[in-house]
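Participant:
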Amino acid sequence: MSSSQSPVKPRLAASERLQNVPPYALARVFQNRDEKLRQGVDVIDLGVGNPDVRPPQVALDALQAALLDPKVQNHRYPSFNGLPEFRAAVAAWYARRFGVSVDAEREAVALVGSKEGIAKFFLAHLNPGDTILLCTPCYPAYLGVAALAQVRVIEVPLDPANAFRPNLGAILEDEAGRAKVLFLNYPNNPTGGTETAELYDEILAFARRHDLFVVSDIAYCDLPLDPEYRARSFLQHDRDKERTLEFHSFSKSYSMQGWRLGFAVGNQEIVANLTRIKSNMDFGVFMAIQRAGLAVLNGPQTYCAEAAKLYRARGEALLSAISPLGYPVSRPKATLYLWLPMPRRFATSLDFAGELLDKTGVVVSPGSGFGQAGEGYVRVALCVDEARCREAGERMVKAGFHW
Ligand SMILES: Cc1ncc(COP(=O)(O)O)c(C=O)c1O
49 MSSSQSPVKP RLAASERLQN VPPYALARVF QNRDEKLRQG VDVIDLGVGN PDVRPPQVAL
109 DALQAALLDP KVQNHRYPSF NGLPEFRAAV AAWYARRFGV SVDAEREAVA LVGSKEGIAK
169 FFLAHLNPGD TILLCTPCYP AYLGVAALAQ VRVIEVPLDP ANAFRPNLGA ILEDEAGRAK
229 VLFLNYPNNP TGGTETAELY DEILAFARRH DLFVVSDIAY CDLPLDPEYR ARSFLQHDRD
289 KERTLEFHSF SKSYSMQGWR LGFAVGNQEI VANLTRIKSN MDFGVFMAIQ RAGLAVLNGP
349 QTYCAEAAKL YRARGEALLS AISPLGYPVS RPKATLYLWL PMPRRFATSL DFAGELLDKT
409 GVVVSPGSGF GQAGEGYVRV ALCVDEARCR EAGERMVKAG FHW
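To convert, count from 1 in the sequence shown and add 48; that's our numbering.
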């Protein structure tokens with residue numbers, strides 16, 4: 049082809065499924081951040097929940113031992129559902145942590161990070177046009193994968209006046225009747241909201257009444273910023289695993305997000321479906337990483353409490369720095385986030401995040417990226433050290449970002 053000819057455009061294009069996915073809501077903020085970095089601005093990035101803490105030593109040691117093991121077994125293809133020893137460690141952890149008994153053979157599956165499992169849960173169980181109930185604000189990947197799966201999402205708003213818990217009574221009967229799945233995430237990203245035993249009892253009764261399956265995501269269950277708070281598992285309520293699948297992750301509590309390790313536990317038919325779809329799409333988790341993960345689960349759990357202490361101190365540093373600005377914000381009981389209501393003079397959280405970045409170099413995530421109920425807020429991820437968190441707050445004060 050000569051250079052004057054226009055290139056031939058292949059017939060191949062994005063599938064309808066992919067076209068259905070809206071542009072990533074936070075992409076614009078990250079583009080702006082990268083532009084500032086290119087300009088040499090001293091950016092404080094509180095945009096992404098990307099822990100900056102060293103993973104547990106036990107994980108590093110176990111990974112190294114598994115890598116260097118003279119037997120090459122760890123380097124071969126893993127099984128689709130995870131090493132039996134990994135699943136046994138998950139079951140033992142559930143028994144110790146929540147008093148829930150798990151059949152390691154049939155009710156647990158290892159995941160290449162929980163995001164992977166959540167996406168495959170959708171593809172394995174929901175058809176285009178199916179309806180789900182999704183508590184929002186939520187982890188944005190739920191919205192993306194719901195669009196990819198061409199599923200209809202009914203957002204169930206988490207009520208700030210009720211500690212970011214949903215009002216089930218406000219869900220229309222016919223919507224609840226049509227929905228197949230209810231998605232929950234406590235402790236909640238992005239609001240830091242937490243569950244109660246009564247709420248979980250109420251949700252289970254609601255799910256039974258409407259024949260809903262419950263997906264519970266407990267990615268932040270071991271990052272209690274309030275030392276009195278101890279997160280529950282939904283399986284403490286649905287002990288027979290009649291209608292629950294619970295996802296967990298090594299990314300937040302153990303700062304192992306780059307390792308890509310998580311697991312799901314729950315109803316055995318749903319676990320089997322997840323394993324079946326995985327066997328057609330991926331090859332399970334690198335066995336050396338599973339060995340590190342099981343060493344973490346079987347080891348002392350002091351790491352999470354230390355990490356939580358660190359995030360709490362960072363949150364306090366930022367909140368006390370901005371106290372002259374008058375934000376009506378409550379201390380979250382868990383997670384590594386602050387959920388700040390935007391100043392009243394802004395029309396959208398995207399506008400606020402944009403101006404904040406321009407004037408202070410501080411990156412936060414606009415709440416609109418977390419679902420409709422997120423508008424009016426921004427999420428602050430406490431993934432820089434305490435001094436930088438304080439400095440972010442001080443920059444906001446200096447630039448006059450009053451609530
Ligand atoms: C609520 C929630 N679930 C799941 C994930 C994904 O975690 P993983 O790294 O295990 O895929 C995240 C990541 O931010 C999250 O916030």
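Each residue gets a CB set at the ideal place from its N, CA and C atoms; glycine is no exception.
(1) Under 9 Å, do residue 171 and residue 180 count as touching if we go by C-beta distance?
(2) Checking the sheet assignment: what are the DSSP bridge partners for residue 179?
(3) Per DSSP, what kind of secondary structure is residue 92 in: helix, strand or coil?
(4) Let's see if you can read the secondary structure: which residues bound the alpha helix (DSSP H) around residue 296?
(5) What's the gap between the Cα of residue 63 and the Cα of residue 196?
(6) Pull the bridge partners of residue 213 from the DSSP assignment, please.
(7) Just to be sure I understand the criterion: a residue counts if its Cβ is closer than 6 Å to at least one heavy atom of ligand 1. Which residues meet that?
(8) Would you report the Cα separation of residue 384 and residue 430, rounded to the nearest angstrom?
(9) Residue 81 and residue 91: beta carbons closer than 9 Å?
(10) So what does residue 233 bridge to, in DSSP terms?
(11) When burial is assigned at 16 or more other CB atoms within 10 Å of the CB, is residue 414 buried or exposed?
(12) Cβ of residue 191 less than 9 Å from any chain D Cβ?
(13) Indicate the three-state DSSP secondary structure (helix, strand or coil) for residue 149 in the structure shown.
(14) Grab me the residues of residue 304's own chain with a C-beta within less than 7 Å of its C-beta, minus the 5 sequence neighbours each way, in chain order.
(15) Using a Cβ-Cβ cut-off of 7 Å (strictly less than) and excluding sequence neighbours within five positions of residue 426, which residues of its own chain qualify?
(16) Drop a sphere of 10 angstroms on the beta-carbon of residue 285, count the other beta-carbons inside from all chains shown, and report buried for 16 or more, exposed for fewer.
(17) With DSSP as the reference, label residue 170 as helix, strand or coil.
(18) Assign residue 387 to one of three DSSP states: helix, strand, or coil.
(19) So the candidates are 376, 340, 394 and 433; which of them puts its Cα closest to the Cα of residue 114?
(20) Count the other CB atoms within 10 Å of the CB of residue 300; is the residue buried (16 or more) or exposed (fewer)?
(21) Can you give me the C-alpha to C-alpha distance between residue 346 and residue 145, rounded to a whole angstrom?
(22) Applying the 10 Å Cβ sphere with the 16-neighbour rule, what's the burial state of residue 449?
(23) Run through the DSSP bridge pairs and tell me what residue 159 is partnered with.
(24) Buried or exposed: which applies to residue 329, given that a residue is buried once 16 or more other Cβ atoms fall within 10 Å of its Cβ?
(25) Once the 5 residues before and after residue 226 are set aside, which same chain residues still bring their CB inside 7 Å of it?
(26) To the nearest whole angstrom, what separates the beta carbons of residue 441 and residue 337, a pair I think is in contact under 8 Å?
(27) Does the contact criterion of 3 or more C-beta pairs under 8 Å hold for the segment 360 to 377 versus the segment 119 to 135?
(28) Do the segment 180 to 193 and the segment 233 to 243 touch if we need at least three Cβ pairs shorter than 8 Å?
(29) Which value, in whole angstroms, describes the spacing of the CA atoms of residue 118 and residue 109?
(30) Using 9 Å as the threshold, is the C-beta distance between residue 167 and residue 274 below it?
(31) Please identify the residue among 322, 309, 155 and 229 whose C-alpha is closest to the C-alpha of residue 139.
(32) Report yes if the C-beta distance between residue 293 and residue 266 is below 9 Å; otherwise report no.
(33) Would you mind stating whether residue 78 and residue 238 have Cβ atoms separated by less than 9 Å?
(34) Drop a sphere of 10 angstroms on the beta-carbon of residue 290, count the other beta-carbons inside from all chains shown, and report buried for 16 or more, exposed for fewer.
(35) Per the DSSP calculation, residue 272 is bridged to which residue(s)?
Facilitator: On the basis of the supplied data:
(1) Cβ atoms of residue 171 and residue 180: not closer than 9 Å.
(2) Per DSSP, 200 and 227.
(3) Three-state result, residue 92: strand.
(4) No alpha helix (DSSP H) holds residue 296; the beta strand (DSSP E) holding it covers 292 to 297.
(5) Rounded to whole angstroms, residue 63 to residue 196 spans 10 Å at the Cα level.
(6) Paired residue(s): 207.
(7) In chain order, the qualifying residues are 97, 161, 162, 163, 187, 233, 237, 265, 267, 297, 299, 305 and 310.
(8) Distance between the alpha carbons of residue 384 and residue 430 is about 6 Å.
(9) Contact flag set, yes.
(10) Answer is 265.
(11) Counting Cβ neighbours within 10 Å, residue 414 comes out buried, since at least 16 surround it.
(12) Of the protein chains in the structure, only one exists, and it is not chain D.
(13) Coil, per DSSP.
(14) The residues are 103, 107 and 298.
(15) Within the same chain, residue 426 has close Cβ partners 388, 390, 397, 400, 401, 412, 413, 414 and 415.
(16) A residue is called buried once 16 or more other Cβ atoms fall within 10 Å of its Cβ, and residue 285 is buried on that count.
(17) In the three-state DSSP reduction, residue 170 falls in the helix class (H, G or I).
(18) Shown here, residue 387 sits in a strand according to DSSP, grouped into three states.
(19) Taking residue 114 as reference, the option from 376, 340, 394 and 433 with the minimal CA-CA separation is 340.
(20) Buried is the call here.
(21) Distance between the alpha carbons of residue 346 and residue 145: 11 Å.
(22) Classification of residue 449: buried, given that the 10 Å Cβ count is 16 or more.
(23) BP columns for residue 159 point to 310.
(24) Within a 10 Å sphere around the beta-carbon of residue 329 sit fewer than 16 other beta-carbons, which makes this residue exposed.
(25) In its chain, beyond the 5 residues on either side, 179 have a beta carbon closer than 7 Å to the beta carbon of residue 226.
(26) No, residue 441 and residue 337 are not in contact; Cβ-Cβ is about 37 Å, not under 8 Å.
(27) By the C-beta criterion, the segment 360 to 377 is judged not to be in contact with the segment 119 to 135, since fewer than 3 inter-stretch pairs fall below 8 Å.
(28) Judged by Cβ distances under 8 Å, the segment 180 to 193 makes contact with the segment 233 to 243, as three or more pairs qualify.
(29) So the alpha carbons of these two residues sit roughly 16 Å apart.
(30) Cβ atoms of residue 167 and residue 274: not closer than 9 Å.
(31) Closest option to residue 139, Cα to Cα, is 155.
(32) Not a contact, by the Cβ cut-off of 9 Å.
(33) Taking 9 Å as the Cβ cut-off, residue 78 and residue 238 do not qualify as a contacting pair.
(34) The residue is exposed, with fewer than 16 neighbouring Cβ atoms inside 10 Å.
(35) Paired residue(s): 382.
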